[in-house]
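A short worksheet on the structure shown next.
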Amino acid sequence: MGVGEETIIINYLKATGLNRAFINFVEYQLRYKAIYILELKMYFLKSVLICVNLWLIN
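See the structure below:
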């Protein structure tokens, strides 16, 4: 989920007048998910680089 989609969701929740604590919780969950996905991508890229490096060495 991109940053734009997260902003749209948060703005929608604010417009509906939901409880602020609930909005904060959803916002936190969306940000945490984005960070987690970024970390997974970084681990994947590191593993690819390690494999390429090992392939070049041999």
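Take the sequence shown: its letter number 9 is residue 9 in UniProt numbering, and every next letter is one higher. We put the CB at the ideal spot given by N, CA and C, even for glycine.
Asked, Found
"Anticipated Cβ contact below 8 Å, Lys-14 with Ile-23, distance rounded", "6 Å"
"C-beta atoms of Glu-6 and Leu-30 nearer than 8 Å", "yes"
"Residue range of the alpha helix (DSSP H) that includes Asn-58", "That residue, Asn-58, is in no alpha helix (DSSP H); it is neither H nor E in DSSP."
"C-alpha gap between Ala-21 and Ile-37, whole angstroms", "24 Å"
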